[in-house]
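Here the structure is laid out as structure tokens; the discussion comes afterwards.
Residue numbers (the working numbering), protein chains in the order written: chain A, 251 to 651; chain B, 24 to 373.
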């Protein structure tokens with residue numbers, strides 16, 4: 251066992267002694283799985299009868315990663331899935347930097363901030379919003395690594411199969427969303443300037459009280475209208491591919507339709523009041539505007555989740571209260587209200603980790619704040635043990651003998 | 024609920040209690056003269072399910088008549104159970120569910136909500152629109168494909184999906200269908216088999232006649248071995264008499280027609296389907312295949328199959344770069360086979 255491994259195991263053991271993870275709900279029906287610092291395999295199909303058994307295992311074995319099943323089983327420790335007897339599974343949403351647009355290339359801290367923002371949007375818009383989940387049945391955790399996990403343990407949700415969970419994913423990601431579902435249309439007869447009758451589609455704007463993607467469509471529409479008002483032509487064309495070939499005059503038309511005065515209010519206010527998109531100066535401008543709204547819906551309103559995790563009805567997921575073997579950070583359970591102020595590198599560093607000085611050798615220059623200590627510089631330096639462990643596990647540094 | 028309503032919805036707990044109050048048990052139902060009318064109606068329930076995919080609408084004018092009508096339901100279930108036949112179970116369940124749908128449509132909102140509760144569907148009203156919990160919606164629409172049933176296209180608010188009455192009722196139909204399919208067959212013993220033997224014989228001979236009429240005669244010149252996994256699965260589904268989404272029927276019928284299967288054989292393939300209706304199926308298949316004259320539909324390509332949730336367990340050939348259409352798969356397999364044996368003979372898609 252090398253020096254770094256021994257160091258990590260010492261600190262992990264100290265954490266598991268001082269603050270053992272609470273048993274998850276329905277402990278006896280959950281499967282557990284572990285990975286270790288000093289062994290090269292995953293130990294699965296474990297079950298625990300009492301909180302104390304779990305605690306003893308963690309203390310004795312000091313795993314590098316600890317997982318429990320989203321599923322509930324008749325016999326969680328049976329060796330095969332068939333024998334386990336599936337009884338249902340929590341619905342899991344995994345938000346990970348790998349699946350979030352714009353997370354690449356960010357620093358660890360900024361990446362965590364971005365993922366947190368996505369997680370909060372997912373909770374507010376979908377989980378507590380459209381899906382109406384009861385806060386008492388939703389557990390939010392920082393994963394200890396690069397993201398957040400959300401566990402929903404409503405019994406009504408637990409019985410859903412993979413296909414049904416796929417429908418939830420499609421809802422969150424806006425997959426197969428019909429234009430009709432956002433802006434319902436009806437066929438209308440119109441006369442053109444030569445008095446010829448044409449059949450056209452008239453689009454309705456969903457009312458404020460409507461739900462699902464209709465409400466999001468209304469919100470996206472207001473966002474786009476606002477942007478069209480403040481951005482210049484170039485900016486708009488860059489932001490919206492649909493506008494790339496639009497002439498300056500068309501863009502001026504678009505702005506006039508939205509922000510020009512129509513009697514006592516602007517065009518946008520009129521549309522929102524009448525719940526109708528039929529106040530544009532031309533169909534061409536209307537179609538472009540719809541394209542812009544759809545693009546905004548896809549880009550800004552969809553949830554960015556790791557889809558296979560949500561679809562899976564027997565996933566192993568990090569145990570809240572355990573430590574992440576690649577960061578040494580704790581899987582912290584959070585209330586929604588506490589998320590705003592939550593800072594993983596301050597709040598997920600285990601209290602049990604000591605601050606005695608430890609000598610490390612940085613592989614590359616580093617500047618990062620861990621708990622209250624700013625690690626800044628390169629080469630050899632002395633840092634508190636809690637910071638040293640983070641650097642070592644991230645493989646940014648080795649211990650100096 | 025009034026006794027007339029209980030007679031319409033005999034699966035309700037309240038209907039069971041209504042009968043129990045009259046001290047009628049299983050022995051009375053299968054043997055006593057007092058329930059002869061219930062047995063007659065029960066047998067008619069099964070036979071009508073087989074022939075017309077519905078159950079009879081008997082007028083109920085008195086409480087006694089209501090008792091007979093309610094009891095006809097458990098008796099029908101006993102008869103179906105005694106046959107132990109999967110095709111009959113599915114067709115009977117679907118017939119009850121479809122009749123239920125027709126009856127529900129005429130009910131007011133509060134009654135619909137009560138009946139939904141009976142099926143353990145969490146339902147309520149939101150400013151005079153029916154709504155159900157999204158988990159119930161998901162559970163019972165998983166067999167209904169098509170964009171209009173996708174959750175993403177629903178008006179979902181605070182955990183509830185708002186639905187027009189006809190669509191709400193359609194989901195409940197599915198819930199009753201699944202419940203009856205799950206419950207049947209009930210366990211039966213020799214005593215029951217003996218007691219119902221005369222009625223049972225009649226049901227069995229009707230069932231055999233039903234199956235005989237539309238017996239599958241195989242694929243003839245068309246080789247199922249060359250089918251892509253999606254089409255094999257659809258064929259198996261059709262042969263097992265499991266219900267198939269409309270898109271699946273379309274895909275299968277157009278595919279079979281394209282590779283040269285005669286229209287009559289295609290129609291027969293669908294005969295085990297629980298909602299099989301000879302004339303309707305014939306009409307639809309003829310429409311899809313053009314029947315030698317009209318527009319002939321090409322089977323959907325792989326992307327469409329996937330969108331419709333019909334792409335099952337794609338194999339190596341599917342995942343290879345060459346195949347983006349079920350017909351391409353069939354053509355490649357036919358070519359492979361013919362190289363092994365004798366010159367190409369299978370009908371090729373143009």
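Beta carbons are placed, not taken as given, at the ideal position from N, Cα and C, and that holds for glycine.
Around the CB of residue 461 of chain A, 16 or more other CB atoms lie within 10 Å, so the residue is classed as buried. 170, 173, 174, 175, 176, 177, 178, 179: these are the residues of the stretch 167 to 179 of chain B whose beta carbon lies less than 7 Å from some beta carbon of chain A, given in chain order. Nearest CB-CB separation between residue 407 of chain A and chain B: below the 8 Å threshold. With a beta-carbon spacing of about 28 Å, residue 288 of chain A and residue 331 of chain A fall beyond the 8 Å limit used to define contacts. In this structure, A/273 is the residue among A/273, A/290, A/651, A/291 with its C-alpha nearest to the C-alpha of residue 301 of chain A.
Taking 3 residues as the minimum length, the beta strand (DSSP E) runs contained wholly in the stretch 526 to 583 of chain A are 566 to 568, in order along the chain. Under the three-state reduction of DSSP output, residue 517 of chain A falls in the helix class. Taking a beta-carbon distance threshold of 8 Å, residue 335 of chain B does not count as an interface residue toward chain A. In this structure, the alpha-carbon of residue 359 of chain A lies about 43 Å from that of residue 339 of chain B.
Residue-level contact by beta carbon holds for residue 162 of chain B and chain A, with a gap shorter than 8 Å. Contact between the stretch 575 to 588 of chain A and the stretch 626 to 645 of chain A is present: 3 or more CB-CB pairs across the two stretches fall below 8 Å. If you draw a straight line from the Cα of residue 361 of chain A to the Cα of residue 354 of chain A, it is about 8 Å long. Exclusion of the five residues before and after residue 69 of chain B leaves 99, 102, 103, 115, 226 as the residues of its chain whose Cβ lies within less than 7 Å of its Cβ. Taken in chain order, the complete alpha helix (DSSP H) segments of 4 or more residues contained in the stretch 249 to 328 of chain B are 252 to 262, 269 to 281, 286 to 292, 301 to 312. Within 8 Å of the CB of residue 182 of chain B, the CB atoms of chain A belong to 380, 381, 382, 383, in sequence order along the chain. Within the same chain, and ignoring the five residues on either side of residue 48 of chain B in sequence, no residue has its Cβ closer than 7 Å to its Cβ. Classified as buried, residue 251 of chain B has 16 or more neighbouring CB atoms from the shown chains inside 10 Å of its CB. For the pair of segments examined, the stretch 32 to 42 of chain B was found to touch the stretch 132 to 143 of chain B: the number of CB pairs separated by less than 8 Å reaches three.
Annotated three-state conformation of residue 425 of chain A is coil, per DSSP. Under a criterion of Cβ atoms nearer than 8 Å, the residues of chain B adjacent to residue 463 of chain A are, in order, 175, 176. Taking a 10 Å sphere around the C-beta of residue 398 of chain A, we find 16 or more other C-beta atoms and assign the residue as buried. Taken atom to atom, the span from the alpha-carbon of residue 338 of chain A to that of residue 497 of chain A is near 56 Å.
Beta-bridge analysis with DSSP links residue 618 of chain A to A/625. DSSP lists A/293, A/316 as the beta-bridge partner residues of residue 284 of chain A.
Taking the Cβ atoms as the reference, residue 72 of chain B lies roughly 3 Å from residue 118 of chain B, within the contact range of under 8 Å. Annotation: residue 344 of chain A has no Cβ neighbours in chain B at a cutoff of 9 Å; minimum Cβ distance is about 20 Å. Nearest in C-alpha terms to residue 316 of chain A, of all of A/544, A/270, A/481, A/540, is A/270.
Residue 157 of chain B and residue 381 of chain A have their alpha carbons spaced roughly 8 Å apart. Exposure of residue 85 of chain B is indicated by the presence of fewer than 16 other C-beta atoms within 10 angstroms of its C-beta. For chain A, the residues of the stretch 184 to 212 of chain B that bring a beta carbon within less than 9 Å of one of its beta carbons are 184, 185, in chain order. The shortest CA-to-CA distance from residue 322 of chain A to any of A/629, A/605, A/563 is the one to A/563. Residue 156 of chain B has B/183 as its beta-bridge partners, per DSSP. In the three-state DSSP reduction, residue 397 of chain A falls in the strand class (E or B). For residue 336 of chain A, the enclosing beta strand (DSSP E) stretches over residues 336 to 339. For residue 609 of chain A, the closest alpha carbon among the candidates A/619, A/651, A/603, A/636 is that of A/651. With respect to the C-alpha of residue 196 of chain B, the residue from B/134, B/57, B/120 having the closest C-alpha is B/120.
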